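Heads up: the structure comes next, in structure tokens.
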Amino acid sequence: MDTRLDLSQRGDMSGAAKKTADPKFSEGPLLLYLIKHVQLKSSMRLGAALEPYGVTAVQFRVLAEIDHHSHLSSAELSRLFDVRPQTMNKQIAQLEGLGLIKRIVSPENRRVLEMSLTRAGRRTLRDCSEEALKLEKLLFRSFSKQQRDEFRASLFRLLRNMD
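Residue numbers (the working numbering): 3 to 165.
Here it is, written out as structure tokens:
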């Protein structure tokens with residue numbers, strides 16, 4: 003069974019991959035492939051948009067999570083991202099080195115360091131959020147508000163299915 007996508011063909015899918023000749027894929031290409039393709043391309047564009055601010059797309063998300071969940075520990079953050087603590091510690095060290103986050107000893111557990119954004123971190127998060135919103139508007143320019151809302155709801159439903 004050939005499940006590869008033919009990315010060279012363009013047409014009614016607005017540049018997305020067309021279905022293969024395999025009859026098992028009569029609805030079109032596997033949604034998983036399309037999701038991954040969109041994720042890769044949008045991550046590359048987001049990375050380029052954030053480059054002037056000196057952070058990566060992953061670091062932007064880390065800043066957003068720290069801002070959303072006050073006083074997270076690195077262990078909690080690595081669980082949120084579903085990555086090993088060592089992987090997250092590298093991101094945290096880089097963000098701390100850039101002066102975007104600070105770590106303080108937890109008042110509840112002195113063995114835990116909690117993170118929060120610095121003034122520079124809040125400013126960087128604000129600027130990067132504006133860039134991300136501009137990119138999202140560009141990528142979804144052909145979608146109506148209702149279509150965007152339905153798409154967002156579908157993605158949330160898909161995420162719940164994965165739990």
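We put the CB at the ideal spot given by N, CA and C, even for glycine.
Values in this document were obtained by computation on a predicted structure and should not be read as measured data.
According to DSSP, residues forming a beta bridge with residue i
i    : result
M117 : L74, R105
C-alpha gap between residue i and residue j, whole angstroms
i    : j    : result
K92  : R113 : 19 angstroms
G30  : K38  : 15 angstroms
Q11  : Q61  : Because Q11 carries a pLDDT of 43, less than 50, the predicted location of this residue cannot be relied on, and no value is offered for it.
E53  : L82  : 24 angstroms
D165 : F158 : 11 angstroms
S146 : L137 : 16 angstroms
H70  : L79  : 11 angstroms
S16  : Y35  : The pLDDT assigned to S16 is 46, lower than 50, so where the model puts this residue is not dependable, and the model offers no usable value.
I94  : M46  : 21 angstroms
L160 : E110 : 36 angstroms
L74  : R154 : 26 angstroms
S76  : Q148 : 37 angstroms
Buried/exposed call for residue i, threshold 16 Cβ in 10 Å
i    : result
E116 : buried
M90  : buried
A134 : buried
L102 : buried
M3   : Unreliable positioning characterises M3 in this predicted model, as indicated by a pLDDT of 38, which lies under 50. A coordinate reading is not provided.
L42  : exposed
I106 : exposed
V64  : buried
L33  : exposed
Rounded distance between the beta-carbons of residue j and residue i, thought under 8 angstroms
i   : j    : result
A66 : L48  : Not confirmed; about 12 angstroms, so no contact.
R56 : L100 : Strictly speaking, residue 56 in this sequence is Gly, with Arg absent from that position. About 6 angstroms separates the two Cβ atoms, so the contact holds.
S72 : S108 : Not really, about 12 angstroms apart at Cβ, beyond 8 angstroms.
S44 : L140 : Contact doesn't hold; Cβ gap of about 10 angstroms is too wide.
In chain order, each alpha helix (DSSP H) run of at least 4 residues that lies wholly inside the segment 45–99: 59–70, 76–83, 87–99
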